[in-house]
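Peer 1: Residue numbers (the working numbering): 45 to 163.
A single structure is presented below for examination.
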């Protein structure tokens, strides 16, 4: 088993356009890298947490849709549905002064969990 299967503590996030749960090319690229790791590591499952930025519409359902979009991508790329769990976290609270700074909130995080150690 590759070393990454025992050392991975985080996977790449997928970022979304405002008010959208459609995967961008950048998001697909990140999720593809994650799917490659998951396919090499049968001991890993992934918990996918979707988030929405302040000011987006229907933040609860949007965040859930984002997590499901990532899960669908994984399943379409060989990761069994039994190894994915999704949850929508709703709106992320925070303030940013950077132009385009809400991008960091429009995301789905993929959190690896190892079998047997409760990670």
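A virtual CB, placed ideally from N, CA and C, is assigned to each residue, including glycine.
Is residue 46 buried or exposed, if buried means 16 or more other CB atoms sit within 10 Å of its CB?
Peer 2: That one is exposed.
Peer 1: Counting along the chain, where does the beta strand (DSSP E) carrying residue 96 start and finish?
Peer 2: First-last of the beta strand (DSSP E) with residue 96: 88-96.
Peer 1: If you measure between the beta carbons of residue 148 and residue 103, is that distance less than 8 Å?
Peer 2: Against a cut-off of 8 Å, the Cβ pair of residue 103 and residue 148 comes out as no contact.
Peer 1: For residue 137 and residue 97, what's the separation of their Cα atoms in angstroms?
Peer 2: Between residue 137 and residue 97, the C-alpha separation is close to 8 Å.
Peer 1: Evaluate residue 162 with the Cβ neighbour count: other Cβ atoms within 10 Å of its Cβ, from every protein chain shown; 16 or more gives buried, anything less gives exposed.
Peer 2: With a pLDDT of 43 at residue 162, under the threshold of 50, the modelled position of this residue cannot be trusted; read the value that follows with caution. So residue 162 counts as exposed.
Peer 1: Alpha carbon to alpha carbon, how far is residue 78 from residue 122? Give it in angstroms, no decimals.
Peer 2: Rounded to the nearest angstrom, the two C-alpha atoms are 11 Å apart.
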